[in-house]
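A short write-up of the structure that comes next.
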Amino acid sequence: MSRRRQIYEGKAKILYEGPEPGTIIQYFKDDATAFNAEKKGTINGKGVINNRISEHVFSRLSHIGIPTHFIRRLNMREQLVRQVEIIPIEVIVRNVAAGSICKRLGLEEGEPLPHTLIEYCYKDDALGDPLVAEEHIACFQWASNEEMHDISSMAIRVNDFMSGMFAAIDIRLVDFKLEFGRLYDGDFSRVILADEISPDGCRLWDMKSGEKLDKDRFRRDLGGEEEAYREVARRLGLLHDEDSNPGEVLDLSSHRTRLRGTPAPTPKK
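Quick note: the sequence shown uses full-length UniProt numbering, first residue 1, plus one each step.
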C-alpha cells in the first residue's frame, strides 16, 4: 500500500488524504480524552466500535434525507468521507440535564428538560470550546443565518430519529454533539453533517438501570468503558455475543443491519 499523506490528527481520529479528489480517509483511534484533553487514556477497541457505530448511524440518517459526509466504511478502523470545510461550531443537543449544564445552571442530573435544547460552542481547544450564542456566530461570521437555520433544523431531525432509534433498544439519548461542514460545488456550498456520532460524543443511559453506556465512564473513572461501548454496538445489532475480541469487531457485511424494505448488499467478490 502506498504511503498516505496525513492531513490532521485530533484527539480521537486521524485524517488522511483520500484516494480521489474531494475525499478523506478518517481513521478512528483508541485514544480517549476528557476535560479538554486534561485527562488522557485509552479504551481498547474504541476506534473499531466507534467506526462501526458511526457508519450505522450516518447510513440510517441518510435514509431520512440528512446529508452527511459519510461515503463508506473501508475497514475496521477507517471510513471514506467527503472533504468539507468544518464550520467552527460544536452543536450540543440536550434532552436531559447532564454534564456541564448542571454545573452552569444548578440542575439535578437526570432531570428531563422542558423541551429539547440546542446549545453552541466555539470550536477552539485553547479557549476550552466556550459556549456562544447565535448572536456571536452571526457577529463573527462563523456561519450565515441560512446555514444556522439548516444546522438547527437538521439537529432537531437527527435528535428525533436517534431518540427513537435508541429508545427501541432501551437506551435513553440524554444529549449529544454534532459538527457540520460546508460541501462546495464550484462557488456554491451546502451544509452537511460531518465528524462522527458514537458513544464518544453522546450520553447514552440504560432506560431501566440508568447505567451510563458512554464516555462518562472514562470521565468519571467509573470503569467498564470498553464493555459499555460494546454493549451499545451489541444492542444496535453490530456486535454479536460470540464476538468477544474488540480488535475483531466486525467486518460483518453479511450481518449488516438494514432498513426494512432495502435490498441486501451484493456480496463482495
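Built from N, CA and C at the ideal position, the CB exists for glycine as well.
What residue does the alpha helix (DSSP H) around residue i start on, and which one ends it?
| i | result |
| --- | --- |
| V158 | 145 to 167 |
| N75 | No alpha helix (DSSP H) holds N75; DSSP gives it neither H nor E. |
| residue 318 | The structure shown does not extend to residue 318, since the chain spans only 1 to 269, so no value can be given for it. |
| H56 | 46 to 63 |
| F218 | 216 to 219 |
If you follow the beta strand (DSSP E) that residue i is in, where does it begin and where does it stop?
| i | result |
| --- | --- |
| S189 | 188 to 194 |
| H115 | 112 to 122 |
Is residue j closer than 8 Å to residue i when the C-beta atoms are compared?
| i | j | result |
| --- | --- | --- |
| T23 | I87 | no |
| I192 | G201 | no |
| R73 | N51 | yes |
| L178 | V91 | yes |
| E227 | I43 | no |
| I118 | S152 | yes |
Leaving out five residues on either side along the sequence, give the residues of the same chain with a beta carbon under 6 Å from the beta carbon of residue i.
| i | result |
| --- | --- |
| Y8 | L15 |
| D195 | E179 |
Might you give, ordered along the chain, the residues of its own chain that have their beta carbon closer than 8 Å to the beta carbon of residue i, omitting 5 neighbours on each side?
| i | result |
| --- | --- |
| A37 | K11, D125 |
Can you tell me whether residue i is buried or exposed, with buried defined as 16 or more other CB within 10 angstroms of its CB?
| i | result |
| --- | --- |
| R3 | exposed |
| P112 | exposed |
| L173 | buried |
| I64 | exposed |
| D185 | exposed |
| I156 | exposed |
| S198 | buried |
Quick one: what's got a C-beta closer than 7 Å to residue i's C-beta in the same chain, skipping five residues either side?
| i | result |
| --- | --- |
| I169 | R235, L236 |
For this session: Flag this pair as touching only if the region 16 to 35 and the region 203 to 210 have three or more C-beta atom pairs under 8 Å; answer yes or no.
Result: no
Problem set entry | Stretch-stretch touch, CB-based, cutoff 8 Å, three pairs: the region 43 to 62 with the region 97 to 107 | no
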